[in-house]
Amino acid sequence: MQKHIVIIGAGAGGLGSAVRLSAAGHKVTVVEANSYVGGKLTEKKIGNYRFDMGPSVFTLPELIEELTDLAKQDDKFEYIKLDTICNYFYEDGTLLTAFTNKEKFANEVSEKFGETKESVYDQLKFSATAYELTNDIFLNQSLHKLSNFLNLKTAKAILNIGKLKMGKTMNEAHTARFKNKKTIQLFNRFATYTGSDPYQAPALIGIIAHLEHNIGAFAPKGGMHDITMHLFSLSKKLGANYLLNTKVTGIKTENNTVTGVETSNGFIEADIVVSNSDIKNLYTNLLDKKFAPKHILDQQKSLSAVIFYWGIKSQFKNMNLHNILFSENGEEEFKCMFGDKKHYSDPTIYINITSKITPSDAPEGCENWFVMVNVPPNESGKPIEYISEMRKHIIAKINRVLKTDIEPLIELEDVLDPYLIEQRTSSFGGSLYGNASNNKFAAFLRHANYSSKIKNLYFTGGSVHPGGGVPLCLLSAKIVSEMIAEKN
Ligand SMILES: Cc1cc2nc3c(=O)[nH]c(=O)nc-3n(C[C@H](O)[C@H](O)[C@H](O)COP(=O)(O)OP(=O)(O)OC[C@H]3O[C@@H](n4cnc5c(N)ncnc54)[C@H](O)[C@@H]3O)c2cc1C
811 MQKHIVIIGA GAGGLGSAVR LSAAGHKVTV VEANSYVGGK LTEKKIGNYR FDMGPSVFTL
871 PELIEELTDL AKQDDKFEYI KLDTICNYFY EDGTLLTAFT NKEKFANEVS EKFGETKESV
931 YDQLKFSATA YELTNDIFLN QSLHKLSNFL NLKTAKAILN IGKLKMGKTM NEAHTARFKN
991 KKTIQLFNRF ATYTGSDPYQ APALIGIIAH LEHNIGAFAP KGGMHDITMH LFSLSKKLGA
1051 NYLLNTKVTG IKTENNTVTG VETSNGFIEA DIVVSNSDIK NLYTNLLDKK FAPKHILDQQ
1111 KSLSAVIFYW GIKSQFKNMN LHNILFSENG EEEFKCMFGD KKHYSDPTIY INITSKITPS
1171 DAPEGCENWF VMVNVPPNES GKPIEYISEM RKHIIAKINR VLKTDIEPLI ELEDVLDPYL
1231 IEQRTSSFGG SLYGNASNNK FAAFLRHANY SSKIKNLYFT GGSVHPGGGV PLCLLSAKIV
1291 SEMIAEKN
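Residue numbering for the sequence shown follows this note's numbering, starting at 811 and increasing by one per position.
Here's what the structure looks like:
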């Protein structure tokens, strides 16, 4: 039966839900506080440069294709498969190219770091096995329905639990497998794909390497923002209505059942509400505090980031689409961010250059640099004061590692930081991925995709099950729409 469904927020989870619920025949209204859709998945044009402002690593394109097929529209979403995943730079001048081709990658790791090729294959095999055993349990379904655990797949995973290295942290598992700290640092870095700490996160988080190294790394032809525009277009063609510049200020209930939302432009009646807002923000600002599940909301948050967007008046031949300049001391870096809750003076720097594959993103002879370092989430609620200090550390490191003088080449600049991320998306402290995955129970300590206290209230996006990152947000939209279909 057709329902009126209000979606709060047009981030990846909100857009994915809008496509699915409109395709299912519901009347969908998306209420978005910003003047644009996409949330973190947005872009900015500055001068003659274009920058993706948030996500840059793209995996599991089939999740977008599934939405395209479901919508049955003519819109095409075009992307390419990368043959290089990332260029890794170390302080001593070593450059390691992570090729998508497993044999080339294993050769490179063996030649440059002295590892056996078998150890690389074994690591990739572990991530593939762990993904296959856990994917359907932890990612593709609700973790909060008992019936989902009473099936063959779960039984198989439980029988194979030894293979999942549940008792080990990522760093312990990688240290046991590899002898060179450079290899360990390379594989440890996948913890940051969930904004987590490889010295605390379970080895199982290593399944993320499987997505890039075994399945493949991809890039949308027009940049990551194409994902936003594609889903926006599909949902509009299916009839979804978007109210931009409209903030939801409260979710209204009667007898613990949703009746609608109060917004900056008045009340909107709804049969069902799907919130794409950060779950902590939702319980703090949009609902009566008596509903708040304190133990879930108080979980440690994932890392945030400071990003400089630089128009660079030059081209760097040894750089690729994705580049990492590693910290000299990975352990200290994570201790500083998670233990001391401070930014680190020798941070690992990620540089994304989309003009390497889409030349029109920068003027001729130039490159668009997205220069990102992870920092702790901002719990102060106040603007960040360390940006100019951070900029100096970053410039010094880039000059050292890339043997250049970068500052005179920067012809324009913009900055994003944890405070601004929170202001623009409502994500608590500017966390990129909701709760951190720093313990083996993290998956069970994320909020469910539905409210157990308020009927017809559902949740999608990076702060709820199955977690952050564009693919998982799209999976949360799938879980929510399946739950709504089951009940209506
Ligand atoms: C710098 C950066 C780099 C990242 N890198 C990657 C990457 O490489 N790969 C990857 O997969 N992921 C990456 N991520 C994470 C990824 O961007 C997020 O997990 C994902 O985009 C979050 O989507 P979401 O559905 O949670 O919505 P969000 O993007 O958080 O958007 C929520 C939306 O809801 C709106 N909203 C909230 N409250 C209200 C309200 N009360 N009323 C109206 N509207 C409201 C907000 O305005 C916002 O538009 C990165 C994020 C950042 C910031």
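A virtual CB, placed ideally from N, CA and C, is assigned to each residue, including glycine.
No experiment lies behind these values; they were computed from the predicted model shown.
Residues of its chain near residue i, where Cβ-Cβ distance is below 8 Å and the 5 sequence neighbours each way are ignored
i, result
"H1023", "I895, A908, T910, K912, F915, L934, S937"
"T1073", "V841, L1053, T1056, K1057, V1058, T1059"
"K1207", "L1135, D1156, P1157, I1159"
"L1044", "V829, L877, T878, A881, Q883, D885"
"F1238", "D1088, K1090, N1091, K1111, P1187, E1232, S1273"
"E918", "L906, T907, A908, F909"
"Y1093", "K1099, F1101, A1102, P1103, L1107"
"T1069", "K1062, T1063, E1079, A1080"
Residue nearest to residue i in terms of C-alpha spacing, selected from the options
i, options, result
"S1155", "G835, H1275, F1136", "F1136"
"S790", "N917, A834, A1102, D1215", "The structure shown does not extend to residue 790, since the chain is modelled only from 811 through 1298, so no value can be given for it."
"N1066", "F1254, K1100, M1039", "K1100"
"I1289", "P1218, Q812, G1016, R830", "R830"
"Y859", "K1123, Q1010, K837", "K1123"
"C1176", "N981, I1163, N1188", "I1163"
"L1219", "W1179, K1250, T1002, L1092", "W1179"
"K1047", "L943, K882, R1210", "K882"
"P1173", "D902, Q1125, N1248, E1079", "Q1125"
"I1015", "T904, E1064, N1248", "N1248"
"L1267", "N1095, D1081, G835, E1195", "D1081"
"H836", "I1017, L949, V1084, N1128", "V1084"
"S866", "F988, G1279, N1095, C1283", "G1279"
"I1205", "E875, E1195, E1217, I1078", "E1217"
"V838", "G1005, V816, N844", "V816"
"H814", "K1263, I1078, K891, L1230", "I1078"
"E925", "T993, G1076, F1042", "T993"
"D932", "T944, L949, T979, F997", "F997"
"D862", "T1063, N844, T1168, K891", "T1168"
"G1013", "G1076, P1193, G977", "At residue 1013 the sequence reads Ala, which differs from the Gly that was named. Nearest option by C-alpha distance: G977."
"Y1196", "H1153, D1171, V1181, T1270", "H1153"
"L1230", "P1193, A1252, G1076", "P1193"
"A1029", "N1130, M1200, S1286", "N1130"
"D1150", "V1185, N1051, E1138, N1086", "V1185"
"S1170", "N844, N1086, N950, G857", "G857"
"T1002", "S1286, D893, I1017", "I1017"
"F899", "N1245, V1181, S1198, N1128", "N1128"
"A1027", "N981, N1075, I890", "I890"
"R1201", "L943, T1214, V1181", "V1181"
"Q1109", "L943, L1097, S1241", "S1241"
7 Å Cβ cutoff, residue i in contact with chain D
i, result
"G1026", "Protein chain content of the structure displayed is limited to a single chain, and chain D is not contained in it."
Whole-Å CB distance - residue i paired with residue j, under 8 Å assumed
i, j, result
"G864", "K855", "The pair is not a contact, with the Cβ atoms about 15 Å apart (cut-off 8 Å)."
"E853", "G1033", "6 Å"
"H1275", "A1258", "6 Å"
"A1115", "V1211", "Not a contact, Cβ separation roughly 19 Å."
"S920", "R987", "In fact, because the Cβ distance is near 14 Å, the residues do not count as touching under 8 Å."
"F1063", "I818", "Reading the sequence as shown, one finds Thr at residue 1063 and not Phe. With a Cβ gap of about 14 Å, T1063 and I818 do not count as contacting."
"T979", "Y1009", "6 Å"
7 Å CB neighbourhood of residue i in its chain, flanking five on each side removed
i, result
"P1281", "T869, L870, L873"
"Y1243", "T1004, G1005, S1112, G1272, G1277, G1278, G1279"
"H984", "I994, F997, N998"
"E1138", "E901, D1156"
"M811", "N1298"
"S832", "V838, S1045, L1048, G1049, A1050"
"L1284", "A822, G826, L873"
Residues near residue i by beta carbon distance below 6 Å, same chain, minus five either side
i, result
"F1148", "D1007"
"E1189", "G1239"
"A1019", "S937, F1000"
"L1021", "T869"
"A820", "V840, E842, V847"
"K927", "A916, S920"
"N1133", "N897, I1161"
"N981", "N998, P1008, Y1009"
"L949", "P1276, L1285"
"S1236", "S1087, D1088, N1091"
So within the stretch 878-928, which uninterrupted beta strand (DSSP E) runs reach at least 3 residues, ignoring any that extend past its ends?
889-891, 894-899, 905-909
Would you call the stretch 1218-1230 and the stretch 1116-1125 in contact, with 3 or more CB pairs under 8 Å?
Yes, the stretch 1218-1230 touches the stretch 1116-1125.
Check whether the stretch 812-825 and the stretch 1035-1044 are in contact - that is, three or more C-beta pairs closer than 8 Å.
yes
At least three beta-carbon pairs within less than 8 Å, the stretch 1138-1148 to the stretch 1164-1172:
no
Whole runs of the beta strand (DSSP E) within the stretch 1056-1139, excluding any shorter than 3 residues:
1058-1064, 1067-1073, 1076-1079, 1082-1085, 1114-1122, 1132-1135
What residue ranges within the stretch 814-860 form continuous alpha helix (DSSP H) runs of no fewer than 4 residues, ordered along the chain?
822-833
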